[in-house]
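Here's the structure we're looking at; comments come further down.
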Amino acid sequence: MQLALFDLDNTLLAGDSDFQWGQFLISKGLLNEQEHLAKNLAFYEDYKAGRLDIYAFLDFQLKPLSEHSRSELDALHREYMQEKIQAMMTDKARALVEKHRQNGDLLMIITATNSFVTGPIAKAFGIDNLIGTTPEEVNGEFTGKVVGTPSFQAGKITRLNEWLAARGQSLSDFDTTWFYSDSHNDLPLMELVDKPVAVDPDATLKAHAEQAGWPIISLR
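Residue numbers for the sequence shown follow the working numbering, beginning at 21 and rising by one.
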């Protein structure tokens, strides 16, 4: 059996689900536009430079989840899927997922974005397995805190190994392992799999992929 891992934002999606969730909440009057965008831009610059403080970012990212009831968030998310996400699910991305599905591969989305935002997106791609950063819940409501290791940079390896171990497996049990990503922040996991593929990569990842002889593709 083969394992096909997909990053989500700017890889399977032609855009960033977390950024668009913030934009959606702004459009609903639930976030202050000027304050939110300024902070988000600062975090994004740190992300591109590879110096993101993931816990500081998660405090920012998860706070809106703690300010609304789960029923309200679920209703908002259904609308968000229609308004923001559907248009970012390209035919090429769907075809890539389907190619691996037809091959009988085990499919997984592995993303730093929290699992509340990304869970329904994975389902929309027909992918049952998702590793996303886990927001803490108490009595079914979000607290704004994170549970466990954030699935960011080397944290993706930690979370993947934990998930496989719970299944009684390891990466070595698969004939071939794939990982598709756009970001140099995913280099730790890309260098671990058999077949790393750079998808519409940032400049750093593109240079690394060219030097390493990795495939470079576009899903746009």
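The beta-carbon is built from N, C-alpha and C at its ideal position, and this holds for glycine as well.
Note that the coordinates shown come from a computational prediction; the quantities given were computed from them, not determined experimentally.
Report the three-state DSSP secondary structure of F26 (helix, strand or coil). Here DSSP, grouped into helix, strand and coil, assigns F26 to strand.
Buried or exposed by the 16-neighbour rule on C-beta atoms within 10 Å, applied to V167: Burial call: exposed.
Excluding five sequence neighbours on each side, which residues of the same chain lie with their C-beta closer than 6 angstroms to the C-beta of P235? So the list reads V217, once near-sequence residues are dropped.
Is the separation between the beta-carbon of I151 and that of S171 shorter than 7 angstroms? Going by C-beta atoms, I151 is nearer than 7 angstroms to S171.
Check T131 in the structure and name its three-state DSSP category. Of the three classes helix, strand and coil, the one that applies to T131 here is strand, per DSSP.
Does the beta-carbon distance from S37 to G164 come in below 7 angstroms? No Cβ-Cβ contact shorter than 7 angstroms links S37 with G164.
Comparing the CB of R114 with every heavy atom of the ligand HEM, is any distance shorter than 6 angstroms? This structure lacks the ligand HEM, and indeed carries no ligand of any kind.
Supposed close pair N30, D220 - CB separation, criterion 8 angstroms: That pair is a contact at about 7 angstroms.
CA-to-CA distance, R90 to M101, given in whole angstroms: Spanning the two alpha carbons is a distance of roughly 16 angstroms.
Is the CB-CB distance between F199 and L184 below 7 angstroms? One thing to note: F199 has its Cβ no nearer than 7 angstroms to the Cβ of L184.
What residue range is occupied by the uninterrupted alpha helix (DSSP H) comprising F80? Segment 74-86, the alpha helix (DSSP H) holding F80.
Report yes or no: do three or more beta-carbon pairs, one from the region 74-81 and one from the region 107-114, lie closer than 8 angstroms? Counting C-beta pairs with one atom in each stretch, the region 74-81 and the region 107-114 have fewer than three that are closer than 8 angstroms, which means they do not touch.
Do F145 and M21 have their CB atoms nearer than 7 angstroms? For F145 and M21, no; Cβs fall outside 7 angstroms.
Range of the contiguous alpha helix (DSSP H) that encloses I46: That run of the alpha helix (DSSP H) goes 37-47.
Closest by CA to F26, which one among A186, I130, V137, A229? The shortest Cα separation from F26 among A186, I130, V137, A229 belongs to I130.
Helix, strand or coil at A174 according to DSSP, with G and I counted as helix: In this structure, DSSP gives A174 a state outside helix and strand, which the three-state scheme calls coil.
Hey, how far is the Cα of Q122 from the Cα of A58? Spanning the two alpha carbons is a distance of roughly 43 angstroms.
Kindly indicate the opening and closing residues of the beta strand (DSSP E) around T163. Counting along the chain, T163 sits inside the beta strand (DSSP E) bounded by residues 161-167.
Taking the Cβ atom as the reference point for each residue, do P155 and N134 lie within a distance shorter than 7 angstroms? Result yes, Cβ atoms of P155 and N134 sit closer than 7 angstroms.
Alpha-carbon to alpha-carbon, G42 and V158: Per the coordinates, the alpha-carbon of V158 lies some 23 angstroms from the alpha-carbon of G42.
State the DSSP-derived secondary structure class of G152, mapped to helix, strand or coil. Judged by DSSP in its simplified three-state form, G152 adopts strand.
Other residues of its chain near Q173: CB distance less than 7 angstroms, five sequence neighbours each side excluded: Correct list, in chain order: N205, P208.
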